[in-house]
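Here the structure comes first, spelled out in structure tokens, and everything after it is commentary.
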Amino acid sequence: MIITIFGPPGSGKGTQSSLLIAKYSLKLISVGDLLRNIISDGSELGKKIKGTVESGNLIQDEIICGLLHDQLALMDDNCLLDGFPRNLNQAHFLTQVLQEKYNRDVDIVIELQLDDNIAIDRLKNRLACLDCKSIYSVSSFKSTTCAKCKSTRLEKRIDDADMSAINKRISEYHLQMKGLRKYYKGKLLTIDANLSVDEVTQEIESIATANVICHACEVDKRKRVSELRDEDIEKISSFIRQNYVIEGELRKEVAMNIKSLVEMGCYRGVRHRKGLPVRGQRTHTNAKTRKGSRKSTPYAAGKAAEAAAKNAMERFGMKVVSVIIRGPGFGTEAAVKALQSCGLTVTSIADKTAIPHNGCSSLDKLIKPSSVKVISDDSSEKSDIVLEPLESGFALTLGNALRRVMLSSLKGSAVYGIKIEGVTHEFTSIQGVREDVTDIVLNMGMLRCKLNSASNKCLNLNAKGPCQVLAGMIETDDQCSIVNKDLLICTLGQNVELNMTIYVASGKGYLPVTNIKKMNF
């Protein structure tokens, strides 16, 4: 795996590079370190480079490319390039060298984006250890010795001493990045370097781990779910089981990397093909983990809340939100911060967590109801059951239990299957339809209908775009009716046709999936 990471001065390239090479056993090629070593030698070349650096100018391409060529000659194809390339000429040179030596190009291109004011503040307060290259901030590091190697040689870098040189370096970086962004279009991944070191590391590791999985399984990371073969899915699943911490079916270290794997289709494909439940986009979310930690749970909660907020803002123009907390956990604060960072105004936060939320009183102290009353109305179709006194939160639990009992005895009807013309499985998309087939299936699961027949019904839905396909467009007869006719099923583009067959059955309570498989389609 070949990674190149660049960003403006002070963005933390060196810090993140050190963490990455330790985790993924990569060889580091740091252009900055190479130049500083040459300057410290006191050679003629070193003096020339020192003068260029102190003035804030970029080193000539011939010198930089020559240094890189010599370093790559000593490396295998498992390396990380820190601060290279810095312009289009260097990018072309890197591509040429990698093609000649390894017959490949860079796998991951990471850009650390940092606000200019923050970059200047970091550079003004930066201390560097001359021995182990560790970086510290003057404002937070008060010791006179390096925390890592105990060296006393802590100094400001020569290129951080002059404000005019700093401003020139930052301006030059932004100018050169315009061409590099176009050159690496499709490969460039941007990370917000304004975040803390740990948060930036998590973002980068999610990208790197996903690429490691795809590279090891010989799967093209650009493939969509519909393009993956069953053998590809099995390779990915097997590799994850062997190399990552697994809890349950597919709960693992890759929990931090789900976003990247979903975007590439790999993780989502494994998850779908293994029959695990998948939720579609909704305007609300519940971020839960079975065995969370103080790091993973806030990260998952924040990402889930951010996705829900962006979806609601895009679809419904939501601007204001009220937060209701219904359980304990480490993710509450992270979820609220994520909502606020999306631009939503949080008007209120109500904690409705049952007390005690982490256990019950001992049986000898448990409050037990001493009075039970059943109040029925005249029609005998409604009854109020009053129990008192009760422990805090018990009324809700008992109410849910009674509700489940009632639901298991009620008769009703529901969709148990659909067929879409031209679609062979649910893990694909339809040309010209905004939602993929999985989202359509999830939307159909929310369809509410009344069936006045003991036998199953087969309904048809035919629509032509551009339009929003609503439940009210389903063709029904006198034995079947749709309750929520305004339910959005999907959105069709220009001249796109959708022909769907919907299978509805009536029953009582909950029907096991094994019984559904026996039904006729």
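1 is the number of the first residue of the sequence shown in the UniProt record's numbering; add one for each residue after it. We put the beta carbon where it would ideally sit given N, CA and C, even for glycine. Remember, predicted model here, so these are calculated numbers, not experimental data.
Inspect the CB distances between the region 114-122 and the region 38-50 and report whether three or more fall short of 8 Å.
no
Could you check whether V97 and L188 sit closer than 8 Å to each other, using their CB atoms as the reference points?
Your numbering for residue 188 matches position 188 in the sequence shown. Your numbering for residue 97 matches position 97 in the sequence shown. Contact: no.
Tell me the residue span of the beta strand (DSSP E) that contains R126.
Along the sequence shown, one-based indexing puts residue 126 at 126. It spans R126 to C129 - the beta strand (DSSP E) in which R126 sits, taken as one unbroken run.
If the criterion is Cβ atoms closer than 8 Å, does the pair V219 and G12 meet it?
Here residue 219 is taken as the residue at index 219 of the sequence shown, counted from 1. Here residue 12 is taken as the residue at index 12 of the sequence shown, counted from 1. Not a contact, by the Cβ cut-off of 8 Å.
So the alpha helix (DSSP H) A173 belongs to, where does it begin and stop?
For the purposes of this step, residue 173 is taken as residue 173 along the sequence shown, with counting starting at 1. The amino acid occupying residue 173 in the given sequence is Tyr; Ala does not appear at that position. Element bounds for Y173: M163 to Y183.
Checking contacts by CB at 8 Å: is L387 closer than that to chain B?
Absence of chain B from the displayed structure is noted, only one protein chain being present.
So what does DSSP say about N460, is it helix, strand or coil?
Working through the sequence shown from its first residue, we reach residue 460 at position 460. If DSSP states are grouped into helix, strand and coil, N460 belongs with the strands.
Host alpha helix (DSSP H) of A335 (start-end):
Along the sequence shown, read from residue 1 onward, the residue named residue 335 stands at position 335. T332 to S341 is the extent of the alpha helix (DSSP H) around A335.
Taking F6 as part of the alpha helix (DSSP H), name the residues at either end of that continuous run.
In the sequence shown, the residue the question calls residue 6 occupies position 6. It is not in any alpha helix (DSSP H) - F6 instead sits in the beta strand (DSSP E) that spans I2 to F6.
Report the three-state DSSP secondary structure of D76 (helix, strand or coil).
Here residue 76 is taken as the residue at index 76 of the sequence shown, counted from 1. Here D76 sits in coil by DSSP.
Could you name the residues of the same chain whose beta carbon sits closer than 8 Å to that of Q479, not counting the 5 residues immediately before and after it, in chain order?
In the sequence shown, the residue the question calls residue 479 occupies position 479. Answer for Q479: L451, N452, S453 and K457, listed in chain order.
How big is the Cα-Cα spacing for K419 and Y503?
Along the sequence shown, read from residue 1 onward, the residue named residue 419 stands at position 419. Along the sequence shown, read from residue 1 onward, the residue named residue 503 stands at position 503. Straight-line Cα distance between these residues: approximately 8 Å.
M500 - partner residues in DSSP beta bridges:
What you label residue 500 is simply residue 500 of the sequence shown in a count that begins at 1. Looking at the DSSP assignment, M500 forms a beta bridge with I420 and L461.
Delimiting residues of the beta strand (DSSP E) encompassing A350:
Within the sequence shown, the letter at position 350 stands for residue 350. From DSSP, the beta strand (DSSP E) with A350 extends over T345 to D351.
With burial defined as no fewer than 16 other Cβ atoms inside 10 Å of the residue's Cβ, what is the status of D351: buried or exposed?
For the purposes of this step, residue 351 is taken as residue 351 along the sequence shown, with counting starting at 1. Under this definition D351 is an exposed residue.
K508 versus K411 - alpha carbon distance:
Taking the first residue of the sequence shown as 1, we reach residue 508 at position 508. Taking the first residue of the sequence shown as 1, we reach residue 411 at position 411. Taking the straight line from one Cα to the other gives about 4 Å.
Have a look at E62 and L68 and give me their C-alpha separation to the nearest angstrom.
As a position in the sequence shown, residue 62 is number 62, starting the count at 1. As a position in the sequence shown, residue 68 is number 68, starting the count at 1. In a straight line, the C-alpha of E62 is about 10 Å away from that of L68.
What distance in whole Å lies between the Cβ atoms of G432 and residue 541, which are believed to be in contact at a cut-off of 8 Å?
Since the displayed the chain opens at 1 and closes at 521, residue 541 lies outside it and no answer follows.
Would you identify the three-state DSSP class for L398, choosing helix, strand or coil?
Along the sequence shown, one-based indexing puts residue 398 at 398. DSSP places L398 in helix when its eight states are reduced to three.
Does C217 come out as helix, strand or coil in the three-state DSSP assignment?
Position 217 of the sequence shown holds residue 217. Coil, per DSSP.
To the nearest whole angstrom, what separates the beta carbons of P369 and L387, a pair I think is in contact under 8 Å?
The count along the sequence shown starts at 1 and reaches residue 369 at position 369. The count along the sequence shown starts at 1 and reaches residue 387 at position 387. So it is a contact: roughly 4 Å between Cβ atoms.
On the three-state DSSP scale, how would you describe G43?
Sequence index remark: in the sequence shown, residue 43 carries index 43 (1-based). The residue you asked about is not Gly; residue 43 is Ser in the sequence shown. In this structure, S43 counts as coil in the three-state DSSP scheme.
Supposed close pair L81, I29 - CB separation, criterion 8 Å
Your numbering for residue 81 matches position 81 in the sequence shown. Your numbering for residue 29 matches position 29 in the sequence shown. Contact flag correct, Cβ pair sits at about 5 Å.
If you draw a straight line from the alpha carbon of V374 to that of L366, how long is it in whole angstroms?
On the sequence shown, position 374 is the one that residue 374 refers to. On the sequence shown, position 366 is the one that residue 366 refers to. The alpha-carbon atoms of V374 and L366 are separated by roughly 23 Å.
Can at least three beta-carbon pairs, one atom from the region 45-60 and one from the region 137-153, be found at a separation below 8 Å?
no
Can you check which of these residues, L488, R434 and N194, is closest to Q494 by C-alpha distance?
To locate residue 494, count along the sequence shown from 1; it is residue 494. Cα-wise, what sits closest to Q494 is R434.
Can you name the residues that DSSP bridges to T190?
The residue labelled residue 190 in the question sits at position 190 within the sequence shown. Partner(s): E111.
Can you give me the start and stop residues for the beta strand (DSSP E) that T95 sits inside?
Looking up residue 95 in the sequence shown gives position 95. Unbroken run through T95 is the alpha helix (DSSP H), L88 to Y102; no beta strand (DSSP E).
Are there 16 or more other CB atoms within 10 angstroms of the CB of M406, so buried, or fewer, so exposed?
Position 406 of the sequence shown, counted from the start, is the residue given in the question as residue 406. Exposed: under 16 other Cβ atoms inside 10 Å.
Mind checking who Y136 pairs with in its DSSP beta bridge?
As a position in the sequence shown, residue 136 is number 136, starting the count at 1. Bridge partners of Y136: L127.
Contact belief for I166 with P8 at Cβ below 8 Å, rounded distance in angstroms:
As a first step, residue 166 is located in the sequence shown; it is residue number 166 there, counting from the start. As a first step, residue 8 is located in the sequence shown; it is residue number 8 there, counting from the start. That belief does not hold up - the Cβ atoms of I166 and P8 are roughly 10 Å apart, past 8 Å.
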